[in-house]
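Asker: Residue numbering for the sequence shown follows my numbering, starting at 55 and increasing by one per position.
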Amino acid sequence: MVGLDAMKLSIFGSSYVGLVTGACMAEMGNHVVCYDFDAEKIECLRSGMVPIYEPNLDVYIKRNIESHRLEFTTDAKKAVDHGLFLFISVGTPSNEDRSADLQYVLAAARAIGENMNDYRIIVNKSTVPVGTADRVAAEVQAALDLRGIEVELDVVSNPEFLKEGMAISDFMNPSRIIIGADKPRAIELMKSLYEPFDRNHDRIISMDILSAELTKYAANAMLATKISFMNELANMAEHFGADIEQVRLGIGSDPRIGYHFIHPGAGYGGSCFPKDVQALTKSAADSGYDAVLLKAVEEVNLRQKHRIVEKLHKHYGGKLNGKTIALWGLSFKPQTDDMRAAPSRVIMEEMWEAGANIRAYDPEAMGEANRIYVYQKGLELCDTAYNAVEGSDALVIITEWQEFRSPDFELLKNKLSDNVIFDGRNLYEPETVEYFGLQYYAIGRGRS
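1. Pick helix, strand or coil for Y173, following the three-state DSSP scheme.
2. Per DSSP, L140 is paired with what?
3. Ordered along the chain, which non-local residues of its own chain (more than five positions away) have a Cβ less than 7 angstroms from that of K387?
4. What span of residues does the beta strand (DSSP E) with S325 cover, start to end?
5. Can you name the residues that DSSP bridges to Y89?
6. Do A442 and L470 have their C-beta atoms closer together than 8 angstroms?
7. When burial is assigned at 16 or more other CB atoms within 10 Å of the CB, is V516 buried or exposed?
8. Excluding sequence positions up to five away, which residues of its chain have a Cβ less than 7 angstroms from the Cβ of E483?
9. Would A288 and P318 qualify as a contact pair, given that the criterion is a beta-carbon distance under 8 angstroms?
10. Should G234 and A196 be called a contact, given that it needs their Cβ atoms to be closer than 8 angstroms?
11. CA-CA distance, E204 and L198?
12. Across the segment 137-144 and the segment 104-124, are there enough close Cβ pairs to call them in contact, namely three or more that are closer than 8 angstroms?
13. When we look at the beta-carbon of Y313 and count the other beta-carbons within 10 Å, is it buried (16 or more) or exposed?
14. Can you tell me which of A162, A80 and D90 puts its alpha carbon nearest to the alpha carbon of H122?
15. Which residue comes first and which comes last in the alpha helix (DSSP H) that contains W406?
16. Measure the beta-carbon distance from V210 to N178 and round it to whole angstroms, keeping in mind my assumption that it falls under 8 angstroms.
17. In chain order, what residues of the same chain have a beta carbon less than 7 angstroms from the beta carbon of Y107, not counting five sequence neighbours either side?
18. Can you tell which of S223, L207, V74 and R189 has the C-alpha that lies nearest to the C-alpha of P238?
19. Which stretch, first to last residue, makes up the alpha helix (DSSP H) that contains T269?
20. Confirm, please, whether the CB-CB distance from D90 to T146 is below 8 angstroms.
21. Go to V184, then tell me how far its beta strand (DSSP E) extends in each direction, as first and last residue.
22. For the ligand MN, any of its heavy atoms closer than 7 angstroms to the Cβ of L347?
23. Excluding five sequence neighbours on each side, which residues of the same chain lie with their C-beta closer than 8 angstroms to the C-beta of F315?
24. By DSSP's criteria, V450 is part of a beta bridge. Which residues make up the other side?
25. When you compare each of R425, V354 and R100 to E117 by their alpha carbons, which one comes out closest?
26. Between the beta-carbon of T181 and the beta-carbon of K270, is there less than 8 angstroms?
27. Which term fits G421, buried or exposed, when burial requires 16 or more other beta carbons within 10 angstroms of its beta carbon?
28. Excluding five sequence neighbours on each side, which residues of the same chain lie with their C-beta closer than 7 angstroms to the C-beta of A263?
29. When the Cα of M226 is compared with those of A133, T75 and A333, which residue comes out closest?
30. Please report the straight-line C-alpha distance between V56 and L348, rounded to a whole angstrom.
31. Can you grab the Cα-Cα spacing for the pair V301 / I65, in whole Å?
32. To the nearest whole angstrom, what separates the beta carbons of F458 and K365, a pair I think is in contact under 8 angstroms?
33. Kindly list the residues whose CB is nearer than 7 angstroms to the CB of H367, restricted to its own chain and excluding five residues on each side of it in sequence; keep chain order.
34. Using only the alpha-carbon positions, how far apart do Q332 and G383 sit?
35. For Y173, count neighbouring Cβ atoms within 10 angstroms of its own Cβ and tell me buried if that reaches 16, exposed if not.
36. Are there 16 or more other CB atoms within 10 angstroms of the CB of A93, so buried, or fewer, so exposed?
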């Protein structure tokens, strides 16, 4: 039987994964302490202000703060003393050599070792290379040795599988819960913690630590591969004069393939796929293996982010200088304000280099765009999609937000000086757009 202490957990890192983990764990009745060294962030969170956009996350945080199940601190000792489970949920950005930067993970491990006095389960929630659990254990043990004390500990790999925009739903109703551990005690305690999320007892998959660490990278690499493969097919379809949307329906109907992640577009972005494909490729190289397929996945994706601008150049005969382009969508996907590695950034920067001006709109990412491009000439951020079209020559669509799916084509025809749409997400049927007298360029929909 697991004691009451198993209902107490601490989260090291109060950004995306840490906040979602902490809020959802608290929602299930656990007492959660979230730690971060950023005092300003912690004060904002204590007041109920959430520094990121994720649907319903602010509701969960506010409710659990008020219920005294969720609190925030800058005191590492308080966090270590509080929780039997110590989750490490910090960022792992890319190093210059494309490997994962583990400095924040190891700093959290060091802080744990400097403060723990009793048995703890240290849970790696961050996306980390295979073998990181051993490095975390060594970092904690080194800190304990400096203090001259002996304390039992277990390190567990428990990777997250959260989709931005659906993170709360993904955590509360997981498709799988991966527990990587080498000791039965740690596995049983983790199963007890996650039991409320696994009422049908069919979601938890336990395995060794190394396999759990690889599982996370493998999942993201597989999804990135599907996207790049579909974009490669879309580019071929343009050369053949075929319609990739019809091809997509034809292959997606095969249950071995399915319809998920086979939508062609302007390329993938965000904080996960680009970084994780690079990190897994680098880890493979460090171990002596040349991951040829993963290199191709990244190469195709990087190339795909240029396709829309290539179409613009072709349409305008390479004369974009002085053109004003309306741009719908800045975030790398809908339901988030995240612009990390977003296709919109590559596209806008190429258009500015060619001398074009941009009038952009996004339902959530306007603040982030303003932060990134605060002094950028040739950029005007507009408060609605149709305001972005005012005074524009052409429309470029980058992110498939719902509000872009059924536009007023008659209005677009009247507002766009050059009567042309470049659709990076294949939102419309070409015949529908062309019926209103608009030229339409999509991804892989016949010769263009």
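Built from N, CA and C at the ideal position, the CB exists for glycine as well. All values reported here derive from a predicted model rather than from experimental measurement.
Answerer: Walking through what the data contain:
1. The residue labelled residue 173 in the question sits at position 119 within the sequence shown. Three-state DSSP puts Y173 in coil, outside helix and strand.
2. Working through the sequence shown from its first residue, we reach residue 140 at position 86. L140 pairs with S64 and I176.
3. Looking up residue 387 in the sequence shown gives position 333. The answer, listed in chain order, is E218, G219, G324 and T453.
4. Reading the sequence shown from its first residue, position 271 is the one you call residue 325. Per DSSP, S325 belongs to no beta strand (DSSP E) and is neither H nor E.
5. Translated into the one-based positions of the sequence shown, residue 89 becomes position 35. F66 and T127, per the DSSP bridge assignment.
6. Counting from one through the sequence shown, the residue named residue 442 turns up at place 388. Counting from one through the sequence shown, the residue named residue 470 turns up at place 416. With contacts defined as CB atoms closer than 8 angstroms, A442 and L470 fail to qualify as a contacting pair.
7. Residue coverage of the chain in this structure runs from 55 to 502, which leaves residue 516 outside it and unanswerable.
8. The residue given as residue 483 occupies position 429 in the sequence shown. Excluding residues within five positions, none has a Cβ falling inside 7 angstroms.
9. Taking the sequence shown and counting its residues from 1, the one referred to as residue 288 is at position 234. Taking the sequence shown and counting its residues from 1, the one referred to as residue 318 is at position 264. Yes, they are a contact pair.
10. Locating residue 234 in the sequence shown gives position 180, where the first residue counts as 1. Locating residue 196 in the sequence shown gives position 142, where the first residue counts as 1. Taking the C-beta atoms as reference points, A196 is found no nearer than 8 angstroms to G234.
11. Start at 1 with the first residue of the sequence shown, and residue 204 comes out as number 150. Start at 1 with the first residue of the sequence shown, and residue 198 comes out as number 144. Straight-line Cα distance between these residues: approximately 7 angstroms.
12. no
13. In the sequence shown, counting from the first residue as 1, residue 313 sits at position 259. Classification of Y313: exposed, given that the 10 Å Cβ count is below 16.
14. Counted from its first residue, the sequence shown places residue 122 at position 68. Of the listed residues, the one whose Cα sits closest to H122 is A80.
15. On the sequence shown, position 352 is the one that residue 406 refers to. Segment P397 to E407, the alpha helix (DSSP H) holding W406.
16. The residue given as residue 210 occupies position 156 in the sequence shown. The residue given as residue 178 occupies position 124 in the sequence shown. Their Cβ separation, rounded to whole angstroms, is 7 angstroms, which keeps V210 and N178 in contact under 8 angstroms.
17. Here the question's residue 107 lines up with position 53 in the sequence shown. Scanning its chain for C-beta atoms nearer than 7 angstroms, with the 5 sequence neighbours on each side dropped, one finds around Y107 the residues T390, D391 and E418, in chain order.
18. Residue numbering aside, residue 238 sits at position 184 when the sequence shown is read from its first letter. Per the Cα distances, L207.
19. On the sequence shown, position 215 is the one that residue 269 refers to. Per DSSP, T269 belongs to the alpha helix (DSSP H) from I263 to F294.
20. Here residue 146 corresponds to residue number 92 of the sequence shown, with the count starting at 1. Here residue 90 corresponds to residue number 36 of the sequence shown, with the count starting at 1. Against a cut-off of 8 angstroms, the Cβ pair of D90 and T146 comes out as no contact.
21. For this step, residue 184 is matched to residue 130 along the sequence shown. Per DSSP, V184 belongs to no beta strand (DSSP E) and is neither H nor E.
22. Absence of the ligand MN from the depicted structure is noted, as is the absence of any ligand whatsoever, leaving it without description.
23. Stepping through the sequence shown from its first residue, residue 315 is reached at position 261. Hits under 8 angstroms: L277, K280, I281 and M284.
24. Taking the first residue of the sequence shown as 1, we reach residue 450 at position 396. Answer is L381 and F476.
25. Mapped onto the sequence shown, residue 117 falls at position 63. Residue 117 is actually Arg in this sequence, not Glu. In terms of Cα proximity to R117, the closest of R425, V354 and R100 is R100.
26. In the sequence shown, the residue the question calls residue 181 occupies position 127. In the sequence shown, the residue the question calls residue 270 occupies position 216. Cβ atoms of T181 and K270: closer than 8 angstroms.
27. Walking along the sequence shown from the start, residue 421 turns up at place 367. Counting Cβ neighbours within 10 Å, G421 comes out exposed, since fewer than 16 surround it.
28. Indexing the sequence shown from 1 puts residue 263 at position 209. The question names Ala, but residue 263 is Ile in the sequence shown. Excluding residues within five positions, the ones whose Cβ falls inside 7 angstroms are A187, S211, G234, A235 and D236.
29. If you number the sequence shown from 1, residue 226 lands on position 172. The option with the nearest alpha carbon to M226 is T75.
30. Indexing the sequence shown from 1 puts residue 56 at position 2. Indexing the sequence shown from 1 puts residue 348 at position 294. Confidence is the limiting factor: at V56 the pLDDT is only 41, short of 50, which leaves the residue's position unreliable, though a coordinate-based value still follows. Distance between the alpha carbons of V56 and L348 is about 43 angstroms.
31. The residue given as residue 301 occupies position 247 in the sequence shown. The residue given as residue 65 occupies position 11 in the sequence shown. Whole-angstrom Cα-Cα distance: 45 angstroms.
32. Along the sequence shown, read from residue 1 onward, the residue named residue 458 stands at position 404. Along the sequence shown, read from residue 1 onward, the residue named residue 365 stands at position 311. Their Cβ separation, rounded to whole angstroms, is 18 angstroms, which puts F458 and K365 out of contact at 8 angstroms.
33. As a position in the sequence shown, residue 367 is number 313, starting the count at 1. Closer than 7 angstroms at Cβ, skipping near neighbours: L374.
34. Along the sequence shown, one-based indexing puts residue 332 at 278. Along the sequence shown, one-based indexing puts residue 383 at 329. Spanning the two alpha carbons is a distance of roughly 25 angstroms.
35. Counting from 1 along the sequence shown, the entry for residue 173 is found at position 119. It counts as exposed.
36. Translated into positions along the sequence shown, residue 93 becomes position 39. Residue environment for A93: exposed (fewer than 16 other C-beta atoms within 10 angstroms of its C-beta).
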